[in-house]
Amino acid sequence: MARIPFIAGNWKLNHGPRAAAELALGLREQLADRGDVTVAVFPTALSMHSVLPILEGTGIHVGVQDIAAKQSGAFTGSNSAEMARELGCSYALIGHSERRQLWGETDAAVRAKIDTARAAGLLPMVCIGETLTEREAGRVEEVVFRQLSAAFDGLEADVAATLTVAYEPVWAIGTGVTASPDQAQEVHQSLRGWLADHYPPFVSEQMRLLYGGSVKPTNAAELLGCADIDGALVGGASLKAESFAGIIAATR
Ligand code: PGA
0 MARIPFIAGN WKLNHGPRAA AELALGLREQ LADRGDVTVA VFPTALSMHS VLPILEGTGI
60 HVGVQDIAAK QSGAFTGSNS AEMARELGCS YALIGHSERR QLWGETDAAV RAKIDTARAA
120 GLLPMVCIGE TLTEREAGRV EEVVFRQLSA AFDGLEADVA ATLTVAYEPV WAIGTGVTAS
180 PDQAQEVHQS LRGWLADHYP PFVSEQMRLL YGGSVKPTNA AELLGCADID GALVGGASLK
240 AESFAGIIAA TR
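Numbering of the sequence shown is given in numbering that gives the first Met the number 0, commencing with residue 0 and proceeding in unit increments.
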């Protein structure tokens, strides 16, 4: 079954309101006629107000980079899924390795945030991936399966199918070192196998599995050409319209 490619840009803590608006304008110009690929960008919460009106009606989705596990309350400094939805966001990035490593986000917290996102009407994009030490110890499958099991724990098939999973080996994020297409495909194939073992066939057949970690216009085509890689979650190369558009062009 053919899955529509999905290219997402994680702007992380970059581009304040002015720079974010410029980038959004660039994307609006460059991506006008791309109905054959799903595109989403994740600006910082503080730039949402400048990005959302520019991308409205373009088909480019906007998501929030992280959400609190609760919709509101005494959680100073956090972002609410409900509030992001009210603003016009449609996706929530959950469990990015920077959240896991720098904020100590656990598998259980990731699982809770999936419910919170869904309750608010946001589509979760869940990030998983091993560290270099874990890879060198031969523990890749063990780690990503643990992260997957926790994220999907108790989710019915029709709910599970609405999630997007981004496999991002931690050693490839922001390092310029990309997993080779063979390395990435091997893990993606295992992930799809895990889904097929735990759910009816339509879940593994429909779910888009994105690769992330130093994706650039120059390496996107060979990664996206792999059977089980349905798209990319892009950090650094999503910060300029030309390079992000170059990656999107590689889906053709
Ligand atoms: P990178 O980041 O493309 O800069 O490696 C990817 C990510 O963290 O999502």
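Heads up, the beta-carbon is just placed ideally off N, CA and C, and yes, glycines get one too.
| request: Enumerate, from N- to C-terminal direction, the unbroken beta strand (DSSP E) stretches of 3 or more residues contained entirely within the stretch 82-156. | output: Those beta strand (DSSP E) runs which fall completely within the stretch 82-156 and span 3+ residues are 90-93, 122-127.
| said: Looking at LEU190: is its Cβ nearer than 8 Å to the Cβ of TYR210? | reply: Going by C-beta atoms, LEU190 is not nearer than 8 Å to TYR210.
| request: Give the DSSP bridge partners of GLY211, in chain order. | output: Beta-bridge pairing links GLY211 to LEU232.
| query | Quick one: is ARG33 buried, meaning 16 or more other Cβ sit within 10 Å of its Cβ, or exposed? | reply | Per the 10 Å Cβ criterion, buried.
| query | Is the distance from the Cβ of SER179 to the Cβ of PRO216 below 8 Å? | reply | Their beta carbons are not under 8 Å apart, which means SER179 does not touch PRO216 by this criterion.
| field | Cβ neighbours of VAL142 in the same chain (closer than 6 Å, five flanking residues each side left out) | value | Same-chain partners within the cutoff: GLU129, GLU133.
| query | Mind checking whether GLY236 and LEU223 have CB atoms under 8 Å apart? | reply | Per the sequence shown, residue 236 should be read as Ala rather than Gly. Not closer than 8 Å, so no.
| request: Would you kindly work out how many angstroms separate the C-alpha atoms of LEU30 and THR161, rounded to a whole number? | output: Whole-angstrom Cα-Cα distance: 24 Å.
| said: Taking 7 Å as the cut-off, is the beta-carbon of LEU232 closer than that to any non-hydrogen atom of the ligand PGA? | reply: Indeed, a heavy atom of the ligand PGA lies less than 7 Å from the Cβ.
| query | Excluding the five sequence neighbours on either side, which residues of its own chain have a C-beta within less than 8 Å of the C-beta of LEU121, listed in chain order? | reply | Once the five neighbours on either side are set aside, the close Cβ partners of LEU121 are GLY62, VAL63, ILE66, ALA80, ALA83, ARG84, CYS88, SER89, TYR90, ALA91.
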